[in-house]
Amino acid sequence: METMHTYVRCPDDGSGSAPAPEVSASSSASSGLRSAADSVADAFSNQLAQAQADLVEARARAAAIEAELTQVRNEAQTTAEARAMEIAGVRKDAAIRTAAVTSGLVDMECLPLLDIASISVDESGNVCGVEEAFEELKEKKAISFFWRQGKLDTCQRDSKACLGSACEKRVLGLYS
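What follows is the structure, encoded as structure tokens:
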């Protein structure tokens, strides 16, 4: 490599000029490149640190949102199950009252004697076991029932059928 010599005036010897200290052109250029590379590296490392901090923050937000979503799903599931049980209870009560009327039950105070453990609501929402429960109640308290010829006579069903027939709805006045 060639080195460049620069001559500068030196004020103390009076000769006029002396060789300046040798400075290599390549070393000043490489130090300039090094400082530029260092500044670019610093900028990228700052950007990387910021991106990593943003990523940590985003992951924390995502985890919080996921936890909230799970909580909302659980609450919705609990509410849906509670409402389904409530609806099943209403259907069961309505079926019992309908069967009480169609079976000829005169004394509604006998309803607590009804074996409601055998009455259930299936997945389709049909109430089953009401007929059997009322047949059992008729055997225990026959005096509380009467049967007359007429409209109720047309409501005969086999013992395995679930409530919800058109005849029962007509008796309840749901439609004519």
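Per the UniProt record's numbering, the sequence shown starts with residue 1, numbered consecutively. Even for Gly, the Cβ is constructed at its ideal location relative to N, Cα and C.
Residue span of the alpha helix (DSSP H) that contains residue i, given as start and end
| i | result |
| --- | --- |
| F134 | V130 to K140 |
Residue i, buried or exposed, once every other Cβ within 10 Å from all chains shown has been counted against 16
| i | result |
| --- | --- |
| A62 | exposed |
| I119 | buried |
| S144 | buried |
| V40 | exposed |
Residue i to residue j span [Cα, whole Å]
| i | j | result |
| --- | --- | --- |
| R34 | F44 | 15 angstroms |
| residue 262 | E132 | Residue 262 is absent from the model: the chain starts at 1 and stops at 176. |
| E139 | V101 | 17 angstroms |
| D54 | L48 | 10 angstroms |
| A142 | E123 | 33 angstroms |
| S30 | I65 | 51 angstroms |
| Q50 | A76 | 39 angstroms |
| E136 | G125 | 23 angstroms |
| G32 | D42 | 15 angstroms |
| C128 | F146 | 23 angstroms |
| D38 | N46 | 12 angstroms |
| I116 | N74 | 31 angstroms |
| A60 | Q52 | 12 angstroms |
Rounded Cβ spacing between residue i and residue j (contact assumed at less than 8 angstroms)
| i | j | result |
| --- | --- | --- |
| V121 | R91 | 6 angstroms |
| V130 | A95 | 5 angstroms |
| A99 | F134 | 5 angstroms |
The ligand MN heavy atom lying under 7 angstroms from the CB of residue i
| i | result |
| --- | --- |
| T79 | By its list of ligands, the structure shown contains no ligand whatsoever, and the ligand MN lies outside what it can speak to. |
Inset, instruction - Count the C-beta pairs between the segment 105-116 and the segment 69-88 that are closer than 8 angstroms, then say yes if the count reaches three, no if not. - result: no
Legend entry - Meets three-Cβ-pair contact criterion under 8 angstroms: the segment 111-120 and the segment 78-86: no
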